[in-house]
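Everything below concerns the one structure shown next.
Protein chains in written order, with the working numbering: chain D, 113 to 296; chain L, 10 to 206.
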């Protein structure tokens, strides 16, 4: 198997940003209504993560060694910029439990940028890693939307509804994904 | 149907990332909480000094930039003081700076007593999850191993799966106790502007 392709597959499933690193769980839980609408919404968020991560990492790559301490602010500003773009396109509007929804988008993007940045990858690996993370996020997002829809229509007691059960389901998914590690 | 819309649900949802990521062991949980409290209190202080009306919605960006700067300093300090925590959970220290729960106290409507209550809920939850994860996942408490040679811990609880399952279980347990009337939800009522549909 090509090394880059192996890295791509590893990043999508065993090192999935939502399941292995907990990034973007809140965004997925809050911003999913039904499965059908989430298929489109998920694409928007995944593209947002992709472009924000690429933008931040390219700018960070241009920084000279003496200014490398500025990467955190570069990552923050690039993710804030893309969240504004998403707000412009009608996403992340309003508040959730009293806080603006765009807050929910910042942590996954900065987290991914930080993971890729710490990996010291070359350009091809960087683009592959970011793309695989965005794709992995989309898959996990759709998974959360599916679980949420099923939990909503189930006849279970109200204490088992929504977030706690989604977390346990993601935990079971994480255990299943651990099984893929023998491939790498 | 019983409606779950209270302070505990708010804290667990808005602080989900640091609770899950920072609960690998007790030491990490304490460090994450210290960073969280530091940024929450400082950003609340800053929000009372700056003119929010003049900045309109941009005041959030200003506060976030301040918060992430503090988180970055804490991240570097952790790398120096606790290299093991930095190695496994360093990223989550940085991400406390963009966690929505950290900035809840910056809102005008949120009183200091309410913020303090939320900080306590966060601390108790992360400590509880960390205690169980460390105990089951690594067979130790606060770094002191007590498993005899030949006995292996349930390592899956040390990984992300353990975080999800333990937090989900604690959450369901809290709801069950609330429904049974063992916990009085009046103590965890949300303030006006924080409710969620």
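For each residue, glycine too, the CB sits at the ideal point set by N, CA and C. Note that this is a predicted model, so its numbers are computed, not measured.
Within 10 Å of its beta-carbon, does residue 92 of chain L have 16 or more other beta-carbons around it, so buried, or fewer, so exposed? exposed
Got a sec: is the Cβ-Cβ distance from residue 169 of chain D to anything in chain L below 9 angstroms? no
Residue 176 of chain D classed as buried or exposed, judged by whether at least 16 other C-beta atoms fall within 10 angstroms: exposed
Determine the DSSP secondary structure at residue 206 of chain L, reduced to helix, strand or coil. Confidence in residue 206 of chain L is poor, its pLDDT being 47 and thus under 50, which makes the residue's placement too unreliable to answer from.
Please classify residue 150 of chain L: does DSSP put it in a helix, a strand, or coil? strand
Beta-carbon gap between residue 282 of chain D and residue 130 of chain D smaller than 9 angstroms: The criterion of a C-beta distance shorter than 9 angstroms is satisfied by residue 282 of chain D and residue 130 of chain D.
According to a CB-to-CB cut-off of less than 9 angstroms, which residues of the stretch 154 to 178 of chain D neighbour chain L? none
Any C-beta of chain L under 9 angstroms from that of residue 219 of chain D: Taking Cβ atoms only, chain L reaches closer than 9 angstroms to residue 219 of chain D, which makes this a yes.
So residue 279 of chain D contacts chain L; which residues on that side make the cut at Cβ distance below 8 angstroms? 173, 174, 176, 177 and 180
Residue 265 of chain D to residue 273 of chain D span [Cα, whole Å]: For residue 265 of chain D and residue 273 of chain D, the distance between alpha carbons rounds to 10 angstroms.
Chain-ordered neighbours of residue 282 of chain D on chain L, where CB pairs are closer than 7 angstroms: 173
For residue 206 of chain L, count the other beta carbons within 10 Å of its own beta carbon; 16 or more makes it buried, fewer makes it exposed. Which is it? With a pLDDT of 47 at residue 206 of chain L, under the threshold of 50, the modelled position of this residue cannot be trusted; read the value that follows with caution. It counts as exposed.
Proximal residues, the stretch 60 to 75 of chain L versus chain D, C-beta separation under 8 angstroms: Within the stretch 60 to 75 of chain L, the qualifying residues are 66, 69, 70, 73 and 74.
For residue 297 of chain D, does the three-state DSSP call read helix, strand or coil? Past the boundaries of the shown model lies residue 297 of chain D; chain D is included only from 113 to 296, so the question cannot be answered.
Taking residue 100 of chain L as part of the alpha helix (DSSP H), name the residues at either end of that continuous run. 92 to 104
Whole-angstrom distance between residue 159 of chain D and residue 246 of chain D, CA atom to CA atom: Taking the straight line from one Cα to the other gives about 7 angstroms.
Taking the alpha-carbon positions, what's the residue 288 of chain D to residue 255 of chain D distance? Each residue's Cα considered, the two are about 14 angstroms apart.
Just by C-beta distance, which residues in the stretch 101 to 120 of chain L are closer than 9 angstroms to chain D? 101, 103, 104, 106, 107, 108, 109, 110, 112, 113, 116, 118 and 119
Neighbouring residues, chain L, relative to residue 286 of chain D (Cβ below 9 angstroms): 165, 168, 169, 170, 171, 172, 173 and 174
Roughly how many whole angstroms lie between the Cα atoms of residue 291 of chain D and residue 156 of chain D? For residue 291 of chain D and residue 156 of chain D, the distance between alpha carbons rounds to 30 angstroms.
Coarse secondary structure for residue 116 of chain L, derived from DSSP in three states: coil
Name the chain D residues whose beta carbon is nearer than 9 angstroms to that of residue 148 of chain L? Neighbours of residue 148 of chain L on chain D: none; closest Cβ ~19 angstroms, over 9 angstroms.
Any beta-carbon of chain D closer than 9 angstroms to the one on residue 144 of chain L? no
Quick one: is residue 89 of chain L buried, meaning 16 or more other Cβ sit within 10 Å of its Cβ, or exposed? exposed
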